[in-house]
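Residue numbers (my numbering): 151 to 250.
The C-beta atom is built at its ideal place from N, Cα and C for all residues, glycine as well.
A quick note: this is a predicted structure, and the numbers were derived from the prediction, not measured.
What follows is the structure, encoded as C-alpha cells:
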C-alpha cells in the first residue's frame, strides 16, 4: 500500500510540474518573456567581446617633462576602441620624481 501511495504521490508531483511548466511557457510566450536555456539573449548577442592583452605587449614611454619632475614612465594598460575615449595606465616614478 505504501508503494502505491508513493507512486501516486510521485505521479501527482510530475503532473503538477508538467501543468505548471505548460502554463508558464504559455504565459511567457504571450508576454514575450520566454528565455530558452543555451541561447543568447539579444543583449548578450550584441555585447562587446573581451580582449586580453599580455603584459609588456603595449609600449611604455617616458612621461612628458611638463607633467612630471624627475624621471617617470607611462605604462599603458588599456585603450578603449573608438568612439569611446577611455584609457588606463600606471605611472612608475624614479626616486625623487613627482607629478608637476
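DSSP on residue i, reduced to helix/strand/coil?
i: residue 216; result: coil
i: residue 232; result: coil
i: residue 199; result: coil
i: residue 243; result: strand
i: residue 206; result: coil
Relative to the C-alpha of residue i, which residue among the options is closest?
i: residue 198; options: 242, 231, 218, 245; result: 231
i: residue 205; options: 245, 225, 212; result: 225
i: residue 242; options: 201, 236, 212; result: 212
Can you tell me which residues form a DSSP beta bridge with residue i?
i: residue 248; result: 219
i: residue 227; result: None; residue 227 has no bridge partner.
Shorter than 8 angstroms from the beta carbon of residue i to some beta carbon of chain C?
i: residue 245; result: No chain C appears in the structure shown, which is made up of a single protein chain.
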